[in-house]
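*Asks:* Below are the structure tokens for one structure; questions will follow.
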Amino acid sequence: MQRPGSSRAPGPPAFVSIILPVHNAEEWLDECLKSVLQQDFEGSMELSVFDDASKDKSMSIIGRWKEKLEGAGIPVVIGGHDSPSPRGVGYSKNQAVAQSSGSYLCFLDSDDVMMPQRVRLQHQAAQGHPTSIIGCQVRRDPPDSTARYTRWINQLAPDQLLTQVFTSHGPTVVMPTWFCARAWFYHVGLFDEGGQGVPEDLLFFYEHLRKGGGVMRVDQSLLLYRYHPRAATHSVLQTTIWTHRVRFLEEQALPQWATFTIWNAGKQGRRLYRSLTAASRHKVVAFCDVDENKMKKGFYCHEDAQERPKPRVPILHFRAARPPFVICVKLRFGFSGTCWVAAQIRVWHWPQSPPSWPHSPASAPDGCGLSREKGRASSQQYPPGGLVCTCEHAALSSKWAPDPLRSQPVSVRTSADFCSFCCFPGHSLVLGCS
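Numbering-wise, numbering that gives the first Met the number 0 puts 219 at position 220 of the sequence shown, and it's gapless, one number per residue.
Listed below in structure tokens is the structure:
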């Protein structure tokens, strides 16, 4: 049942509406709402709250803060319902947008905290990019949670915000940092309202990209981004995300190629092959690998295929394979000392002409996997015509990472660092699973 009083009070439209879905958030709401009050944005701003059947004291806290915020000149629009069960984050966001009036939408999760300059800086960026989603860098709480994921969020180069849209991490700018024009939001369409277990942010992000939307990030930490067991993201099954990601890969990347090779004849490479549609599987000319044991059989047979005879895909040594490749390797990520494994699938199509950067570890940017080799291997030159980065090959072996463009392997220090050195528009797309 929709609560009375959810309609918007009369008044001039705001420049920016802060969109705040709420469900049983009493633990964090005081800090969250205080951060709205502390914004240094000088334009008009409103807060649009939609409560998704909270059973705790969330609405009492919101009522108390409504008086404080409106006393400071920030109108508060409150909607919600008291049905027995919540209807999900997608529904709540859509309702909060519908009851708001701002020309721009600033999305905020009820367990996060904005820095005072967030609305001001993202509004400045959005004014010049009306068809883009504007994100920002974040600070994690607890500080040591998802460390590598947080680095990925914060350190992607501007071009990587588009070239790494297939990663296992999801959108290249995380949902609680999104800021966009209202007109563009409605052009893309609403969030999926399927409820718990639906990756509504990923589906919206994909639709945004389909319609030609841009992706930008304000390179300042403007949000305290909390990690905790009750976060809605934990309700989404990895198999669900995998399915959406494979379909988007097939839609956006694979049509460019007549054939391609899957790098990894092991479990993850075979899983990708089986997940493809029949039309995409027919484009797979081979698997390739560095493991001699996997090559001994000579082929992979898809036993569940409907075709007769059943497809047999050759398994080649990586030096005998030809691009383009979809590379499947395992990378490790962890929280509180407990590691989980994500399979990264990199779509890697080497360019026809040499890249513009020097091909030497000594020239690699700080933070790149190659830069760790500066002192030991700076004299070894990389041949032109290929994209090379040790951090992308790190999981092919526990100790050594064979490079398809070199005769000698490169020593690996880590298996999960990402860098901008290896990613160039048009040549690198990434898909992943966990």
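Glycine included, each C-beta is placed from N, C-alpha and C at the ideal position.
(1) I want to know whether the stretch 211-229 touches the stretch 116-126 - three or more CB-CB distances under 8 Å.
(2) For glutamate 45, which residues does DSSP report across the bridge?
(3) Within the same chain, show all residues whose beta-carbon is closer than 8 Å to that of serine 274, passing over the 5 residues directly before and after it, in chain order.
(4) Can you name the start and end residues of the beta strand (DSSP E) that phenylalanine 165 belongs to?
(5) Measure from the alpha carbon of alanine 182 to the alpha carbon of each residue in Thr130, Val21 and Lys65, then state which is nearest.
(6) Which residues in the same chain have their Cβ closer than 8 Å to the Cβ of phenylalanine 184, if we skip the five residues on either side of it in sequence?
(7) Using DSSP with H/G/I as helix, E/B as strand and the rest coil, what is tyrosine 226?
(8) If you run the structure through DSSP and keep just helix, strand and coil, what is proline 141?
(9) Taking one C-beta from the stretch 77-86 and one from the stretch 131-138 each time, how about it: are there three or more such pairs within less than 8 Å?
(10) For the 8 Å Cβ check, are there 3 or more pairs between the stretch 69-80 and the stretch 23-30?
(11) Measuring only the C-alpha atoms, how far is leucine 253 from leucine 32?
(12) Here's the rule: buried if 16 or more other CB atoms are within 10 angstroms of the residue's CB, otherwise exposed. What is alanine 125?
(13) Look at the alpha carbon of valine 409 and the alpha carbon of alanine 264, and state the distance between them as a whole number of angstroms.
(14) Would you call glutamate 302 buried or exposed, if buried means 16 or more other Cβ atoms sit within 10 Å of its Cβ?
(15) Let me know the secondary structure DSSP gives threonine 260 once reduced to three states.
(16) Would you mind sorting glycine 212 into buried or exposed? The rule is 16 or more other CB atoms within 10 Å of its CB.
(17) Mapping DSSP to helix, strand and coil, what is methionine 215?
(18) From this set, Asp29, Gln123 and Leu223, which residue's C-alpha is nearest aspartate 39's C-alpha?
(19) Aspartate 111 and proline 78 - do their beta-carbons sit closer together than 9 Å?
(20) Between Ile18, Val137 and Gln121, which lies nearest to arginine 225 when the distance is taken from Cα to Cα?
(21) For lysine 92, count the other beta carbons within 10 Å of its own beta carbon; 16 or more makes it buried, fewer makes it exposed. Which is it?
(22) Does DSSP put histidine 80 in a helix, a strand or coil?
(23) Below 6 Å CB to CB, which residues in the same chain sit around methionine 174 once its five sequence neighbours on both sides are set aside?
(24) Kindly indicate the opening and closing residues of the beta strand (DSSP E) around valine 289.
*Replies:* A quick look at the data gives this:
(1) Per the Cβ contact rule, the stretch 211-229 is in contact with the stretch 116-126 (3 or more Cβ pairs under 8 Å).
(2) The residue labelled residue 45 in the question sits at position 46 within the sequence shown. DSSP output for glutamate 45 lists Ser16 as bridge partner(s).
(3) Locating residue 274 in the sequence shown gives position 275, counting from the first residue. Within the same chain, serine 274 has close Cβ partners Trp241, Thr242 and Val245.
(4) Position 166 of the sequence shown, counted from the start, is the residue given in the question as residue 165. That residue, phenylalanine 165, is in no beta strand (DSSP E); it is neither H nor E in DSSP.
(5) Position 183 of the sequence shown, counted from the start, is the residue given in the question as residue 182. Ranking Thr130, Val21 and Lys65 by Cα distance to alanine 182 puts Thr130 first.
(6) Numbered from its first residue, the sequence shown carries residue 184 at position 185. Closer than 8 Å at the Cβ level, and outside the excluded window around phenylalanine 184, lie Val96 and Leu104.
(7) As a first step, residue 226 is located in the sequence shown; it is residue number 227 there, counting from the start. Correct three-state label for tyrosine 226: coil.
(8) One-based indexing of the sequence shown puts residue 141 at position 142. Note: proline 141 maps to coil in three-state DSSP.
(9) no
(10) no
(11) Residue mapping note: residue 253 aligns to position 254 of the sequence shown, counting from 1. Residue mapping note: residue 32 aligns to position 33 of the sequence shown, counting from 1. A direct Cα-to-Cα measurement between leucine 253 and leucine 32 gives close to 45 Å.
(12) Position 126 of the sequence shown holds residue 125. Buried.
(13) Taking the first residue of the sequence shown as position 1, residue 409 is located at position 410. Taking the first residue of the sequence shown as position 1, residue 264 is located at position 265. Its pLDDT being 32, under 50, valine 409 is placed unreliably by the model, and nothing is read from it.
(14) Indexing the sequence shown from 1 puts residue 302 at position 303. Glutamate 302 comes out exposed.
(15) Residue 260 sits at position 261 when you count from the first residue of the sequence shown. If DSSP states are grouped into helix, strand and coil, threonine 260 belongs with the strands.
(16) Indexing the sequence shown from 1 puts residue 212 at position 213. Per the 10 Å Cβ criterion, buried.
(17) Taking the sequence shown and counting its residues from 1, one reaches residue 215 at position 216. Note: methionine 215 maps to strand in three-state DSSP.
(18) Here the question's residue 39 lines up with position 40 in the sequence shown. Among Asp29, Gln123 and Leu223, the Cα nearest to that of aspartate 39 belongs to Gln123.
(19) Against the sequence shown, residue 78 aligns to sequence position 79. Against the sequence shown, residue 111 aligns to sequence position 112. Per the sequence shown, residue 78 should be read as glycine rather than proline. Going by beta carbons, glycine 78 and aspartate 111 fall outside the 9 Å limit.
(20) What you label residue 225 is simply residue 226 of the sequence shown in a count that begins at 1. Ranking the options by Cα distance to arginine 225, first place goes to Val137.
(21) Working through the sequence shown from its first residue, we reach residue 92 at position 93. Per the 10 Å Cβ criterion, buried.
(22) For the purposes of this step, residue 80 is taken as residue 81 along the sequence shown, with counting starting at 1. The answer is strand: DSSP assigns histidine 80 an E or B state.
(23) Taking the first residue of the sequence shown as 1, we reach residue 174 at position 175. Around methionine 174: Asp200.
(24) One-based indexing of the sequence shown puts residue 289 at position 290. Taken as a continuous stretch (DSSP letters only), valine 289 belongs to no beta strand (DSSP E), as it is neither H nor E.
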